[in-house]
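Visitor:
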Amino acid sequence: MKAWSSGGMFPKILTCFSGVVTAISTNALMEQLHLKYQQRPWTETLKLVYFCMDNPHRKPVSNAPDGLLLSCMEKIERTLNAKSMFSVMNILELLARQKGLTVHVSPSGTACYITSMMFYLEIQLEKDGDVMDVKLAHFEEAPVVCDDLVQLLRIKNYDAFGKILEDLSNMYQIPGNSKMKAKGYLALQALEKDLYSMSLLDRTLDLNRVTEVLNGKVGHLVPRTGGTPMNIEFYISPYQVLEAELNHGSQVCGTKTVVTVEGTDTLHKLPLSPLIIEPQAGEDSNPSFLQLTDEISMDLPAHFVLKFHQPVPMSSSSIEEIQKLTGIHISGLKLAPLYELIVQSTLKEKCSEDLSINKSCFFVSLPDCSKHCYFINKGSEKSGLAGALVSKIPFSHPKCVPGVIEILRHQVAYNTLISSCVSEKHINEDDSELLYFEVVPYKNTSFSVFFLHPVKKNLACVVIDVTTSREVQCHLHLNPQDPTLNSTDDFIARAVKRCMSIPVVMRAVFRNAAKVKADHETHDTDTEKQPGLQSEQTTDSNSLKESLSGADQQDWVVTDKPNNTDSTEENLFTAKLETLGNNMGKK
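This note's numbering applies: residue 194 is where the sequence shown begins, and numbers increase by one.
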């Protein structure tokens, strides 16, 4: 308990009682307190300190009578930019109380202690309020310097600092006494060591971060430092990589998950020491693990979790696959059409304004190209492609993590393609030429993009199957009577993998088709000059459906009459495609 016997914490236990006395000066009050406690043995003072630290005030500030006042005070302090030590202390005290923690201040007023039953933070301040040092001590551990917390407080990012306080507190929200909570923290340490060992198995000296993110067994792993929990970056899109390359010195972050432990109502057998067995020379890099025996594990009312900063839209099949892998049910999920969830999540990320999640028609502008209009057919949860927003994934053994990461990569890659068609613009703001597309769910990992053939104005379709996070198969379907678009399936697949953006891929397809269209128009001009030849061509939509290779009538959702929906835009757009597909050849 050496870490907990720091002398700087005790004087505040005495001075904290000053809050109830307002009629006398500070010096007089301190003199009275010294007289009161000078005859008491040191052991009794220690008991008082431990009692106060083991019984923090846990009542949420929002339920307290002065909750609104504290919130207003915090806003005032932040507005004043905390330019004095007194202001910084007030903000730290308000943050700690909001998170259910207690605060002690040293007699000199330059040190602030934020404490709980299982950990404490020591924050050293300059007279002008600048942060000198921050130390964190977990239960029965020596305090360690936290450079990450120092930086957050120096730049006055109190929101991020408050989030770390909340995460630290939640990490110990395990049913039971302090010993049981300490076992949960010990289990988390064992997991972190195993994950870090797995991250080193395939690592080479020339391995770059992007390759590790996309291909590493556990992605790009950053160990826990100070108050920042261990996190895993497991997917990054080509556009994010390009953004990082163009902005030298900046590091664009992909999709991340945080590794932590949470309390549960049921018992789970968790390891209390690392389980991974280091592979011998000549063996493959797949890790082996020790058996969970009673000597190295314990049944605890807790489990490990991978937590996301923002909920991830996941299909029902992906969720079931993860639950089968981990053996733990993911609770609190609400099923909905997957595409609706992807649109909702994308709009929340891209738009500052609150756009309705019922929007299905989006306008995308690209350089050197006509504006695209994308209608996203969300389907229904009964259409076979339902999903849910997943905030965290529970598990109890480190061997589950590589498989879970691969499933997450696959899902996020799929979501990236669908979300590329979503923009904050759902109204055409000018009279520019538009190219219409409809994105329709097809099967578990595939979808179709319908559009009008640029030459014959019949419907064409690209089926995109995201087989893994790194492999994509594409098939272009045309009416046999229509000219080629000069884009092979392999070309489209390579374009998709390179950019992971449907609008960019369709721009490439239409650029390749431009030469075909020019040649066709030249041919039509020559034909019109010959008497007796008609350039008119009619095509029946039913024969068009039957002639498509590998696509049955159900695939052509765009030409069927739409179901009853609340969106007039959906009906108008689908009707326009149906009319164009059936009758453009007769004009």
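Note that beta-carbon positions come from the ideal geometry of N, C-alpha and C, so glycine has one too.
(1) Would you mind sorting THR459 into buried or exposed? The rule is 16 or more other CB atoms within 10 Å of its CB.
(2) With contact counted as at least three CB pairs below 8 Å, one residue from each stretch, are the stretch 558-568 and the stretch 348-362 in contact?
(3) What does DSSP give as the partner residues of GLN317 in its beta bridges?
(4) Is GLN516 helix, strand or coil by DSSP?
(5) Evaluate contact between the stretch 513-523 and the stretch 623-636, counting only Cβ atoms and requiring at least three cross-stretch pairs below 8 Å.
(6) Go ahead and pull the three-state DSSP assignment for LEU645.
(7) Tell me whether LYS205 sits in a helix, a strand or coil according to DSSP, three-state version.
(8) Could you check if LEU388 is buried or exposed, using at least 16 other CB atoms within 10 Å of its CB as the buried criterion?
(9) The alpha helix (DSSP H) that contains ILE787, what's its start and end?
(10) Note the first and the last residue of the continuous alpha helix (DSSP H) segment covering LYS650.
(11) Compute the Euclidean distance between the alpha carbons of ASN363 and ALA380, then round it to the nearest angstrom.
(12) Check each candidate in VAL689, GLN433, GLU455 and ASN637 and name the one with the smallest Cα separation from PHE588.
(13) Spatial neighbours of HIS413 within its chain, please: C-beta separation below 6 Å, excluding the five flanking residues on both sides.
(14) Alpha carbons only, please: which of ARG417, HIS668, GLY293 and VAL281 is nearest the one belonging to ASP340?
(15) Do LEU329 and LEU314 have their beta-carbon atoms positioned less than 8 Å apart in this structure?
(16) Are the CB atoms of SER553 and LYS541 within a distance shorter than 8 Å?
(17) Around the Cβ of THR397, are there at least 16 other Cβ atoms within 10 angstroms (buried) or fewer (exposed)?
(18) Could you spell out the range, first to last residue, of the beta strand (DSSP E) harbouring HIS502?
(19) Whose C-alpha, out of MET693, PRO696 and THR681, is nearest the C-alpha of ASN705?
(20) Indicate whether MET693 and GLN604 have their beta-carbon atoms separated by less than 8 Å.
(21) Which residue comes first and which comes last in the alpha helix (DSSP H) that contains GLY377?
(22) Determine whether the beta carbon atoms of VAL665 and LYS649 lie at a separation below 8 Å.
(23) Taking a contact to mean a Cβ-Cβ separation below 8 Å, would you say VAL655 touches THR638 in this structure?
(24) Does the distance from the CB of PRO781 to the CB of SER613 come in under 8 Å?
(25) Between the alpha carbons of GLN317 and TYR351, how many angstroms are there, rounded?
(26) Going by DSSP in three states, PHE556 sits in which element: helix, strand or coil?
(27) Please report the straight-line C-alpha distance between SER616 and SER280, rounded to a whole angstrom.
(28) Locate the alpha helix (DSSP H) running through PHE279, then write down its first and last residues.
(29) State the start and end residues of the unbroken beta strand (DSSP E) segment that holds LEU342.
(30) Closer than 6 Å by C-beta to TYR307: which residues in its own chain qualify, once you throw out the five before and the five after it? Chain order, please.
(31) Alpha carbon to alpha carbon, what distance is there between MET310 and SER371?
(32) Label GLU675 either buried or exposed according to how many other C-beta atoms from any shown protein chain fall within 10 Å of its C-beta, with 16 as the threshold for buried.
(33) Do ILE598 and VAL411 come within 8 Å of each other at the CB atom, strictly closer than that value?
Guide: By the coordinates alone:
(1) exposed
(2) no
(3) GLN317 pairs with ALA304 and ASP326.
(4) helix
(5) no
(6) strand
(7) Confidence in LYS205 is poor, its pLDDT being 41 and thus under 50, which makes the residue's placement unreliable; the coordinate value appears in the next sentence. In the structure shown, LYS205 sits in a helix (DSSP, three-state: H, G or I).
(8) buried
(9) One cannot answer for residue 787 here, as it falls past the ends of the chain, which runs 194 to 780.
(10) Here LYS650 belongs to no alpha helix (DSSP H), and DSSP marks it neither H nor E.
(11) 15 Å
(12) GLU455
(13) ARG402, GLU405, VAL406 and GLU426
(14) ARG417
(15) Cβ distance < 8 Å, so LEU314 and LEU329 count as in contact.
(16) Not a contact, by the Cβ cut-off of 8 Å.
(17) exposed
(18) 490-508
(19) THR681
(20) no
(21) 371-394
(22) no
(23) Going by C-beta atoms, VAL655 is not nearer than 8 Å to THR638.
(24) Past the boundaries of the shown model lies residue 781; the chain is included only from 194 to 780, so the question cannot be answered.
(25) 16 Å
(26) strand
(27) 42 Å
(28) 278-291
(29) Per DSSP, LEU342 belongs to no beta strand (DSSP E); it is in the alpha helix (DSSP H), 340-347.
(30) Correcting the residue type first, residue 307 is Ile in the shown sequence and not Tyr. These residues qualify, in order along the chain: ALA289, LEU294, VAL296 and LEU314.
(31) Rounded to whole angstroms, SER371 to MET310 spans 7 Å at the Cα level.
(32) One detail in the question is off: residue 675 reads as Asp in this sequence, not Glu. Buried, because 16 or more other Cβ atoms sit within 10 Å of the Cβ of ASP675.
(33) yes
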